[in-house]
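**Q** Here it is, the structure, as structure tokens.
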Amino acid sequence: MQRRASGRTALAAMVMVALSVLAGCGLGESREPFAFRIAYQALPVDGAAPSAADMEVMRQIVESRLEATGVAALRVTVEAPDVVVVEASPASVVDDVRSLAGVAGRVDVVPLGDTQMSEGQRIDLAAFPPLFSGDQVASASVGSDQTGIRTVDFVLKDRGRLLLADYTRNNIGTYLAIVLDGQVISAPVIMDAIAGGEVQISTSRVGGFTLAQAQGLVTILQFGELPFPLREVARSD
Numbered sequence: 000m001q002r003r004a005s006g007r008t009a010l011a012a013m014v015m016v017a018l019s020v021l022a023g024c025g026l027g028e029s030r031e032p033f034a035f036r037i038a039y040q041a042l043p044v045d046g047a048a049p050s051a052a053d054m055e056v057m058r059q060i061v062e063s064r065l066e067a068t069g070v071a072a073l074r075v076t077v078e079a080p081d082v083v084v085v086e087a088s089p090a091s092v093v094d095d096v097r098s099l100a101g102v103a104g105r106v107d108v109v110p111l112g113d114t115q116m117s118e119g120q121r122i123d124l125a126a127f128p129p130l131f132s133g134d135q136v137a138s139a140s141v142g143s144d145q146t147g148i149r150t151v152d153f154v155l156k157d158r159g160r161l162l163l164a165d166y167t168r169n170n171i172g173t174y175l176a177i178v179l180d181g182q183v184i185s186a187p188v189i190m191d192a193i194a195g196g197e198v199q200i201s202t203s204r205v206g207g208f209t210l211a212q213a214q215g216l217v218t219i220l221q222f223g224e225l226p227f228p229l230r231e232v233a234r235s236d
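Numbers 0 to 236, taken from numbering that gives the first Met the number 0, label the letters of the sequence shown in order.
Structure, rendered in structure tokens:
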């Protein structure tokens, strides 16, 4: 009986040594290989700071946007009362992350009347009130036009579809802009009534949208606008 007890003691000691070795090698820990870390601070809107519930909504939107890019490793968390932290890998996706995570993502369809605007131009939405906003987008995808130029296509919900059909039917020959965060993306002339609620956005730039640009806009349309703007406040690689 004494020998059996000694054997069990020796076996237990071996197990403890093995576990210690594994822990020392890091096999018992969860270490994500994040290549960089970016912190964003949520800014007040009309003097009101975001609540904990608002911060969680923003965390989910940022996470959904970035997951849609297929980033290899990702963690999005809320720190302090008003900071969203993005950790991701590989290092090569840092520009993609920055182009999506901190963007407010407000999309507006804006009647311009006879005013012509160029792509990239800032627009005063008080002077040019939107017909409707991105909350009327039901779905979005990357597409192409008849010449093969890359486009962003989206389908409207019922209210947006009716508003667009009515407006375009009565305003043929005027300009209508697609605006992202106050900046014109596209501002074509209305050539005909758009009755089916299907909209195709293109750019006048040579070659059209790059794939990254088109996918980024589709992602923003799919997951919606952040309720509070985010400002990048720290980054570490």
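Note that the Cβ used here is the ideal one computed from N, Cα and C, for glycine as well.
These numbers were taken from a predicted model, which means no experiment stands behind them.
1. Could you compute how far the alpha carbon of A186 sits from the alpha carbon of I122?
2. Pop quiz: V198 and L155 are said to be a contact at Cβ under 8 Å. What is the actual Cβ separation, rounded to whole angstroms?
3. I'd like the span of the beta strand (DSSP E) that includes F35, first residue to last.
4. May I ask you to report which of helix, strand or coil DSSP gives V20?
5. In whole angstroms, what is the alpha-carbon distance linking M57 and A103?
6. Excluding sequence positions up to five away, which residues of its chain have a Cβ less than 8 Å from the Cβ of G223?
7. Once the 5 residues before and after S138 are set aside, which same chain residues still bring their CB inside 7 Å of it?
8. Which word fits R230, buried or exposed, when buried means at least 16 other C-beta atoms lie within 10 angstroms of its C-beta?
9. Is it buried or exposed for S117, if we count other Cβ within 10 angstroms and need 16 for buried?
10. Could you say if the segment 37-51 and the segment 75-84 meet the contact criterion of at least three C-beta pairs nearer than 8 Å?
11. Compare the beta carbon distance of S88 and P32 with 8 Å and say whether it is the shorter of the two.
12. Taking Q145 as the reference, which of D107, G172, I200 and R64 has the closest Cα?
13. Could you pull the start and end residues of the alpha helix (DSSP H) that F153 belongs to?
14. By Cβ distance below 7 Å, which residues in the same chain neighbour G215 in space, the five residues on each side in sequence not counted?
15. Is it buried or exposed for P228, if we count other Cβ within 10 angstroms and need 16 for buried?
16. Can you give me the C-alpha to C-alpha distance between S235 and V70, rounded to a whole angstrom?
17. Express the C-alpha separation of A192 and R168 in angstroms, rounding to a whole number.
18. Measuring alpha carbon to alpha carbon, tell me which residue in M54, V44, A90 and V106 is nearest L220.
19. Report, in whole angstroms, the separation of the C-beta atoms of L175 and L124, which I expect to be a contact under 8 Å.
20. Rounded to a whole number of angstroms, what is the C-alpha to C-alpha distance between V205 and A233?
21. At which residues does the alpha helix (DSSP H) containing Q212 begin and terminate?
**A** The answer reads as follows:
1. Position 187 of the sequence shown, counted from the start, is the residue given in the question as residue 186. Position 123 of the sequence shown, counted from the start, is the residue given in the question as residue 122. Looking at the two C-alpha atoms, the distance is approximately 11 Å.
2. On the sequence shown, position 199 is the one that residue 198 refers to. On the sequence shown, position 156 is the one that residue 155 refers to. Indeed, because the Cβ distance is near 7 Å, the residues count as touching under 8 Å.
3. For the purposes of this step, residue 35 is taken as residue 36 along the sequence shown, with counting starting at 1. Residues F35 to A41.
4. Position 21 of the sequence shown, counting from 1, holds the residue named residue 20. Bear in mind that a pLDDT of 38 at V20, under 50, signals an unreliable position, so the number given afterwards is only what the model happens to contain. In the three-state reduction of the DSSP assignment, V20 falls in the helix class.
5. Mapped onto the sequence shown, residue 57 falls at position 58. Mapped onto the sequence shown, residue 103 falls at position 104. Those two C-alpha atoms are separated by around 10 Å.
6. Here residue 223 refers to the residue found at position 224 of the sequence shown. Excluding residues within five positions, the ones whose Cβ falls inside 8 Å are I60, G104, G133 and D134.
7. One-based indexing of the sequence shown puts residue 138 at position 139. So the list reads F153 and V154, once near-sequence residues are dropped.
8. The residue labelled residue 230 in the question sits at position 231 within the sequence shown. By the neighbour-count rule (16 or more Cβ atoms within 10 Å), R230 is not buried but exposed.
9. Numbered from its first residue, the sequence shown carries residue 117 at position 118. Result: exposed.
10. yes
11. Position 89 of the sequence shown, counted from the first residue, corresponds to residue 88. Position 33 of the sequence shown, counted from the first residue, corresponds to residue 32. Taking 8 Å as the Cβ cut-off, S88 and P32 qualify as a contacting pair.
12. Against the sequence shown, residue 145 aligns to sequence position 146. Of the candidates D107, G172, I200 and R64, the one whose C-alpha sits nearest the C-alpha of Q145 is I200.
13. By 1-based counting over the sequence shown, the position of residue 153 is 154. From DSSP, F153 is part of no alpha helix (DSSP H) but of the beta strand (DSSP E) over R149 to L155.
14. In the sequence shown, residue 215 corresponds to position 216, counting from 1. So the list reads S98 and L99, once near-sequence residues are dropped.
15. Translated into positions along the sequence shown, residue 228 becomes position 229. The residue in question, P228, is buried, as its Cβ has 16 or more Cβ neighbours within 10 Å.
16. One-based indexing of the sequence shown puts residue 235 at position 236. One-based indexing of the sequence shown puts residue 70 at position 71. Going by the C-alpha atoms only, they are around 18 Å apart.
17. Counted from its first residue, the sequence shown places residue 168 at position 169. Counted from its first residue, the sequence shown places residue 192 at position 193. Cα atoms of R168 and A192: separation of roughly 4 Å, rounded to the nearest angstrom.
18. Locating residue 220 in the sequence shown gives position 221, where the first residue counts as 1. For L220, the nearest C-alpha among the options comes from V106.
19. Position 176 of the sequence shown, counting from 1, holds the residue named residue 175. Position 125 of the sequence shown, counting from 1, holds the residue named residue 124. The pair is not a contact, with the Cβ atoms about 14 Å apart (cut-off 8 Å).
20. Residue 205 sits at position 206 when you count from the first residue of the sequence shown. Residue 233 sits at position 234 when you count from the first residue of the sequence shown. Cα atoms of V205 and A233: separation of roughly 35 Å, rounded to the nearest angstrom.
21. The sequence position of residue 212 within the sequence shown is 213, counting from 1. L210 to F222 is the span of the alpha helix (DSSP H), which, as asked, contains Q212.
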